[in-house]
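>
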């Protein structure tokens with residue numbers, strides 16, 4: 385009898401085994417994730433935040449990451465010659481490892497415990513609103529620049 389849970393995940397039903405052809409993609413995602421997480425950690429060490437202060441470092445990381453995700457996704461959609469490994473490496477790996485919405489949630493709890501409920505509320509609202517705006521801006525500006533570049537190259 386197989387190990388309980390070996391064939392089913394707790395919330396998604398049956399799982400298919402990882403196909404050997406997927407290993408290179410998983411490897412580039414893992415490598416990118418290490419790079420992104422190390423960059424985030426480095427910024428967190430370089431710019432620490434007091435417990436009751438607005439977490440500007442993580443806020444900036446998440447906003448910059450979302451802006452870059454918008455840029456990347458638009459560039460890949462508009463520039464058809466991008467290699468297939470680019471999106472998993474940069475989008476899922478580097479930028480997925482760089483952004484940290486789990487730390488965002490922990491920071492809200494930290495602010496509440498530090499007696500800064502107004503700062504916690506501001507952070508709670510400002511982060512997702514600004515993150516979505518940043519991703520949209522990155523996508524919109526990148527698409528516009530790529531299309532303008534195409535028009536400029538036509539005879």
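Residue numbers (this note's numbering): 385 to 539. Glycine is no exception: its CB is placed at the ideal position from the N, C-alpha and C atoms. Since this is a predicted model, take the numbers as computed values, not measurements.
1. Taking buried to mean at least 16 other C-beta atoms within 10 Å of its own C-beta, is residue 511 buried or exposed?
2. Compute the beta-carbon to beta-carbon distance between residue 457 and residue 468, rounded to the nearest angstrom, for a pair I have assumed lies under 8 Å.
3. Going by Cα to Cα distance, which pick from 498, 490 and 449 is closest to residue 523?
4. Using 10 angstroms around the beta-carbon of residue 431, count the other beta-carbons present and answer buried if the total reaches 16, otherwise exposed.
5. Can you tell me whether residue 459 is buried or exposed? The criterion is at least 16 other CB atoms within 10 Å of its CB, across all chains shown.
6. On the CB-based measure, 16 or more other CB atoms within 10 Å of its CB, does residue 390 come out buried or exposed?
7. Does chain C have any CB closer than 7 Å to the CB of residue 419?
8. On the three-pair Cβ rule with 8 Å, is the stretch 432–447 touching the stretch 497–505?
9. Which residues mark the beginning and the end of the alpha helix (DSSP H) in which residue 536 is found?
10. Taking residue 407 as part of the alpha helix (DSSP H), name the residues at either end of that continuous run.
11. When burial is assigned at 16 or more other CB atoms within 10 Å of the CB, is residue 401 buried or exposed?
12. CA-CA distance, residue 542 and residue 507?
13. Just to check my reading of the structure: residue 452 and residue 416 have Cβ atoms closer than 8 Å, yes? What is that Cβ distance to the nearest angstrom?
14. Quick check on residue 489: buried or exposed, where buried means 16 or more other Cβ atoms within 10 Å of its Cβ?
15. So, for residue 495: in the same chain, excluding its five sequence neighbours on each side, which residues have a beta-carbon less than 7 Å away from its beta-carbon?
Taking the coordinates as given:
1. The residue in question, residue 511, is buried, as its Cβ has 16 or more Cβ neighbours within 10 Å.
2. Contact between residue 457 and residue 468 is ruled out by a C-beta separation of about 15 Å, above the 8 Å threshold.
3. Closest option to residue 523, judged by alpha-carbon separation, among 498, 490 and 449: 449.
4. By the Cβ-count criterion, residue 431 is exposed, with fewer than 16 other Cβ atoms from all chains shown falling within 10 Å of its own Cβ.
5. Burial call: buried.
6. Its pLDDT being 49, under 50, residue 390 is placed unreliably by the model, and nothing is read from it.
7. Included in the structure is just one protein chain, with no chain C present.
8. A contact exists between the stretch 432–447 and the stretch 497–505.
9. Residue 536: member of the alpha helix (DSSP H) spanning 501–537, first to last residue.
10. That run of the alpha helix (DSSP H) goes 407–430.
11. With fewer than 16 other Cβ atoms within 10 Å, it is exposed.
12. Lying before the first or after the last residue shown, residue 542 is absent from the chain, which here runs from 385 to 539.
13. With a beta-carbon spacing of about 12 Å, residue 452 and residue 416 fall beyond the 8 Å limit used to define contacts.
14. The residue is exposed, with fewer than 16 neighbouring Cβ atoms inside 10 Å.
15. 436, 503, 504 and 507.
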